[in-house]
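Encoded as structure tokens, the structure appears first; notes follow it.
Residue numbers (our numbering): 112 to 928.
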């Protein structure tokens with residue numbers, strides 16, 4: 112047992128204790144105490160005591176998993192749990208069941224391996240980089256599975272026209288006992304009803320798809336105890352938690368562990384070995400984590416609501432939501448229409464022989480070749496909205512795919528094949544289509560060459576330039592900017608003195624030069640290609656099959672392995688997400704909001720107290736930091752308007768939806784969101800405006816509003832439940848809260864409201880902490896590992912620091928209660 116004590120902790124030797132911590136009938140309490148304490152000591156050393164030179168080795172990035180979130184969201188809580196609540200140990204009743212002193216675990220290994228409890232998100236999401244930064248002005252999610260990694264969490268929601276930086280309980284306000292057993296029938300999460308009774312109608316997320324592996328949804332947010340018995344042992348001085356929630360949580364933790372591993376030799380395997388074994392990567396996913404699992408649980412609940420007509424019937428917006436979903440689900444009708452809807456649209460916007468009008472594509476159809484434009488809060492003036500223009504124009508997730516041709520030859524070949532196949536499906540001849548698509552690919556490569564890399568886009572002071580339309584015309588004369596912006600923001604009247612915020616100034620200059628020297632027929636074809644990308648997701652099965660080959664080359668996944676209903680839930684959330692949230696966020700949820708608010712307040716208090724321990728921070732800076740922390744605006748669960756049918760209907764007023772054409776519904780929404788965007792320009796920004804929909808499993812910090820947002824979708828088990836002991840809620844959603852709070856003091860938090868103060872990273876971050884690396888979790892496909900390595904190398908210091916600090920603040924926040 113000496114390996115358990117290699118760090119700074121003093122512990123009495125107990126060499127007779129079993130290495131795996133399995134208790135024997137005699138002395139069970141002492142043995143459990145020792146093993147549990149030793150594990151917590153290792154955890155403390157491993158997670159909380161990283162210094163500036165500590166990194167986790169790359170072998171953790173295997174093809175099956177990264178450091179799973181169970182470390183961050185469960186085993187961090189064990190430290191809190193032990194110090195504040197109770198001492199718990201869990202063991203299998205199959206171990207030494209014959210009383211011969213030997214483990215019988217191998218006898219039941221096959222049976223255990225048959226049990227899975229897993230489930231997803233896109234993201235952002237997802238596609239969601241872990242840093243969750245929304246650097247794009249264009250809040251536009253066309254539901255394409257192959258999207259630009261720089262466009263994280265883009266949404267076309269009508270009241271999502273603002274670009275916010277998105278990173279990434281039983282906590283009763285009266286401080287009731289942590290272990291109170293709630294009699295509610297739900298799972299203790301934020302949504303009414305929850306999933307405790309299991310998913311309605313025996314839903315199968317795999318949809319019976321032949322040849323596709325998929326996660327299996329299970330009752331109680333994926334908690335399974337299998338055939339295990341749960342034994343809870345106390346040291347006599349702590350109250351015992353034997354509620355159903357505590358027992359099921361203990362079972363989940365036991366399943367996540369590999370207790371044959373030495374936690375001080377390989378803590379990852381010890382804490383996550385069981386989770387990795389029971390959560391094989393689904394065929395339709397390039398990565399898998401607790402976030403993905405919870406998102407699939409949420410999707411199953413939304414499916415039940417949408418397909419069973421359980422809306423309250425008083426909201427026209429909710430009717431539109433159901434019609435939109437059903438039009439997406441109507442595969443026979445989509446197949447019947449084939450490619451004709453997109454062919455008709457291309458014919459409409461291409462008046463031969465003139466080029467496609469750029470204003471038409473960038474306005475009603477939101478295709479936006481060459482660059483993206485939108486209306487959002489001015490990063491330097493949070494009291495006004497402003498037109499913003501940003502680099503764009505490439506289809507593959509990263510510029511590196513185009514520039515490093517040797518390493519990405521297979522991907523580029525697959526992309527070209529995909530382009531040609533779509534051209535043929537739209538009626539082109541093979542010879543001309545191949546030639547034209549090669550030219551488009553060369554133009555995209557030229558755009559990739561002038562695109563500013565993501566790792567050079569962290570310094571907003573250098574990126575931000577506020578000029579007039581007249582100035583922009585001089586800067587990039589190949590585009591008629593006044594005509595373009597006037598058309599895109601119609602019916603607003605603009606003149607050349609209208610302010611515009613541009614990012615990556617150098618890109619716009621070189622883009623203009625590239626347009627000027629490119630043949631007009633190629634420009635025409637490229638702009639049509641951007642329109643095709645917007646419409647392909649709403650066409651028949653042939654287009655999805657074509658996309659499968661590209662996805663498999665990029666990520667090792669197949670879209671066809673995703674059930675149609677899941678794809679449609681994601682699309683519906685992208686377009687009608689707030690109406691969808693209104694359908695599930697029913698009942699009196701104020702108490703849940705208060706519980707989460709209390710947790711945020713306690714973590715904020717812990718943050719301010721931690722500032723007092725920083726000897727390098729001068730008193731004025733310390734007080735300013737505390738002032739900004741106090742001024743952070745907390746948004747929990749959902750915006751209030753979704754519970755008012757009239758207000759909800761007003762939000763979607765003017766959006767026409769029918770059940771006959773999914774293609775028309777999508778393009779009607781592009782047109783509708785363009786009109787909503789134009790309306791925002793002359794309005795004062797609202798601090799209550801949300802960028803994520805209520806069902807989203809994520810959270811974010813808004814730099815322009817100095818606010819943190821926690822949608823109802825993430826306020827579920829395993830992150831949060833009012834049935835959970837407080838320690839587990841602090842180790843779950845509390846870590847997320849701490850993470851988002853620290854973004855108010857990172858290198859992106861340059862603007863706040865009047866009562867907030869802002870700081871640069873060099874002012875707030877303690878010297879030496881900028882190199883800290885903390886791994887978040889997930890299971891990753893073989894193609895995604897190489898991608899993640901590149902992302903990891905440039906992952907922002909802010910998020911590395913945020914993950915570590917979020918864990919630490921959650922620990923101290925629990926201690927102040």
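Yeah, the Cβ is synthetic: ideal placement off N, Cα and C, and Gly gets one too.
Whose C-beta lies closer than 6 angstroms to the C-beta of residue 776 among residues of the same chain, with five residues either side of it excluded?
-> Residue mapping note: residue 776 aligns to position 665 of the chain shown, counting from 1. Excluding sequence neighbours, residue 776 sits near 435, 438, 768.
Reduced DSSP secondary structure (H/G/I, E/B, other) of residue 783 = The residue given as residue 783 occupies position 672 in the chain shown. If DSSP states are grouped into helix, strand and coil, residue 783 belongs with the helices.
Segment contact, 8 angstroms Cβ cut-off, at least three pairs: the stretch 804-815 with the stretch 676-695 = yes
Residue 712, DSSP secondary structure in three states = For this step, residue 712 is matched to residue 601 along the chain shown. The answer is helix: DSSP assigns residue 712 an H, G or I state.
Just how far apart, CA to CA, sit residue 605 and residue 593?
-> For the purposes of this step, residue 605 is taken as the residue at position 494 of the chain shown. For the purposes of this step, residue 593 is taken as the residue at position 482 of the chain shown. Residue 605 and residue 593: Cα-Cα distance of roughly 7 angstroms.
Beta-carbon gap between residue 649 and residue 475 smaller than 9 angstroms | Here residue 649 refers to the residue found at position 538 of the chain shown. Here residue 475 refers to the residue found at position 364 of the chain shown. Against a cut-off of 9 angstroms, the Cβ pair of residue 475 and residue 649 comes out as no contact.
Chain-order list of residues whose beta-carbon lies under 6 angstroms from that of residue 722 (same chain, five-residue window excluded) | Within the chain shown, the letter at position 611 stands for residue 722. Here the set comprises 733, 736.
Based on Cα-Cα distance, which residue from 507, 707, 489, 539 lies nearest to residue 499?
-> Start at 1 with the first residue of the chain shown, and residue 499 comes out as number 388. With distances taken between Cα atoms, residue 499 lies closest to 489.
Classify residue 176 as buried or exposed, calling it buried when 16 or more other Cβ atoms lie within 10 Å of its own Cβ.
-> On the chain shown, residue 176 is found 65 positions in, with the first residue counted as 1. Any answer about residue 176 is weak, because its pLDDT of 31 lies below 50 and its placement is not dependable; what the coordinates show is given next. Under this definition residue 176 is a buried residue.
Option nearest residue 782 by Cα separation, candidates 454, 477, 391 | On the chain shown, residue 782 is found 671 positions in, with the first residue counted as 1. Residue 782 has its Cα closest to that of 477, out of 454, 477, 391.
Using a Cβ-Cβ cut-off of 8 angstroms (strictly less than) and excluding sequence neighbours within five positions of residue 570, which residues of its own chain qualify?
-> Sequence index remark: in the chain shown, residue 570 carries index 459 (1-based). Once the five neighbours on either side are set aside, the close Cβ partners of residue 570 are 858.
Look at the alpha carbon of residue 415 and the alpha carbon of residue 433, and state the distance between them as a whole number of angstroms.
-> By one-based count along the chain shown, residue 415 stands at place 304. By one-based count along the chain shown, residue 433 stands at place 322. Taking the straight line from one Cα to the other gives about 11 angstroms.
Span of the beta strand (DSSP E), counted from its first residue to its last, around residue 414 = As a working mapping, residue 414 is identified with position 303 in the chain shown. Per DSSP, residue 414 belongs to no beta strand (DSSP E); it is in the alpha helix (DSSP H), 401-418.
Contact set for residue 719: own chain, Cβ-Cβ below 7 angstroms, skip 5 residues either direction = Looking up residue 719 in the chain shown gives position 608. Cβ neighbours of residue 719 beyond the five flanking positions: 737, 740.
Taking the alpha helix (DSSP H) that residue 488 falls in, what are its first and last residues?
-> Your numbering for residue 488 matches position 377 in the chain shown. That residue, residue 488, is in no alpha helix (DSSP H); its beta strand (DSSP E) goes 482-489.
Do you know offhand how far residue 441's Cα is from residue 651's?
-> By 1-based counting over the chain shown, the position of residue 441 is 330. By 1-based counting over the chain shown, the position of residue 651 is 540. About 10 angstroms.
In its own chain, which residues sit with a C-beta less than 6 angstroms from the C-beta of residue 626, not counting the 5 before and 5 after it?
-> Counting from one through the chain shown, the residue named residue 626 turns up at place 515. 589, listed in sequence order.
State yes or no: is the C-beta of residue 493 within less than 9 angstroms of the C-beta of residue 796?
-> Taking the chain shown and counting its residues from 1, one reaches residue 493 at position 382. Taking the chain shown and counting its residues from 1, one reaches residue 796 at position 685. Taking 9 angstroms as the Cβ cut-off, residue 493 and residue 796 qualify as a contacting pair.
Give me the Cα-Cα distance between residue 526 and residue 661, rounded to the nearest whole angstrom.
-> The count along the chain shown starts at 1 and reaches residue 526 at position 415. The count along the chain shown starts at 1 and reaches residue 661 at position 550. Their backbone Cα atoms lie some 6 angstroms apart in a straight line.
Residue 850 by DSSP, collapsed to three states: which one?
-> Along the chain shown, one-based indexing puts residue 850 at 739. Of the three classes helix, strand and coil, the one that applies to residue 850 here is helix, per DSSP.
Where residue 658 sits in the DSSP three-state scheme | Residue 658 sits at position 547 when you count from the first residue of the chain shown. If DSSP states are grouped into helix, strand and coil, residue 658 belongs with the helices.
Distance, residue 457 Cα to residue 449 Cα | For the purposes of this step, residue 449 is taken as the residue at position 338 of the chain shown. For the purposes of this step, residue 457 is taken as the residue at position 346 of the chain shown. Going by the C-alpha atoms only, they are around 14 angstroms apart.
In the structure shown, what three-state DSSP assignment does residue 830 receive?
-> Here residue 830 corresponds to residue number 719 of the chain shown, with the count starting at 1. In this structure, residue 830 counts as coil in the three-state DSSP scheme.
Rounded C-beta distance between residue 710 and residue 841? I'm assuming under 8 angstroms.
-> By 1-based counting over the chain shown, the position of residue 710 is 599. By 1-based counting over the chain shown, the position of residue 841 is 730. Rounded, the Cβ-Cβ distance is 7 angstroms, consistent with contact.
Have a look at residue 405 and residue 823 and give me their C-alpha separation to the nearest angstrom.
-> On the chain shown, position 294 is the one that residue 405 refers to. On the chain shown, position 712 is the one that residue 823 refers to. C-alpha separation (whole angstroms): 12 angstroms.
Alpha-carbon to alpha-carbon, residue 587 and residue 624 = Taking the chain shown and counting its residues from 1, one reaches residue 624 at position 513. Taking the chain shown and counting its residues from 1, one reaches residue 587 at position 476. Taking the straight line joining both Cα atoms gives about 8 angstroms.
Nearest to residue 929 by alpha carbon, out of 640, 754, 825?
-> In this structure the chain extends from 112 to 928, so residue 929 is not present and cannot be described.
Rounded straight-line distance, which links the Cα of residue 834 to that of residue 357 = Here residue 357 refers to the residue found at position 246 of the chain shown. Here residue 834 refers to the residue found at position 723 of the chain shown. Taking the straight line joining both Cα atoms gives about 8 angstroms.
Simplified DSSP assignment, three categories, for residue 235 | Position 124 of the chain shown holds residue 235. Only weak support is given to the placement of residue 235: the predicted model assigns it a pLDDT of 40, under 50, and the value that follows is read from those uncertain coordinates. DSSP places residue 235 in strand when its eight states are reduced to three.
Secondary structure, alpha helix (DSSP H): runs of 4+ residues fully inside the stretch 541-613 | 541-561, 571-574, 580-586, 592-599
Own chain, CB closer than 6 angstroms to residue 609, minus 5 neighbours either side, in chain order | For this step, residue 609 is matched to residue 498 along the chain shown. If we look at residue 609 and ignore the five residues flanking it on each side, its Cβ neighbours are 580.
7 angstroms CB neighbourhood of residue 637 in its chain, flanking five on each side removed = To locate residue 637, count along the chain shown from 1; it is residue 526. Answer for residue 637: 480, 551, 554, listed in chain order.
May I ask which residues mark the beginning and end of the alpha helix (DSSP H) holding residue 746?
-> The sequence position of residue 746 within the chain shown is 635, counting from 1. Element bounds for residue 746: not the alpha helix (DSSP H) but the beta strand (DSSP E), 744-748.
Where do the N-terminal and C-terminal ends of the beta strand (DSSP E) with residue 493 fall, by residue?
-> Sequence index remark: in the chain shown, residue 493 carries index 382 (1-based). Its beta strand (DSSP E) spans residues 492-502.
Going by the CB atoms, is the gap between residue 599 and residue 473 shorter than 9 angstroms?
-> Working through the chain shown from its first residue, we reach residue 473 at position 362. Working through the chain shown from its first residue, we reach residue 599 at position 488. Cβ distance < 9 angstroms, so residue 473 and residue 599 count as in contact.
Determine the direct distance from the alpha carbon of residue 708 to that of residue 64, and round the result to whole angstroms.
-> Outside the shown range of the chain, which is 112 to 928, sits residue 64, and nothing can be said about it.
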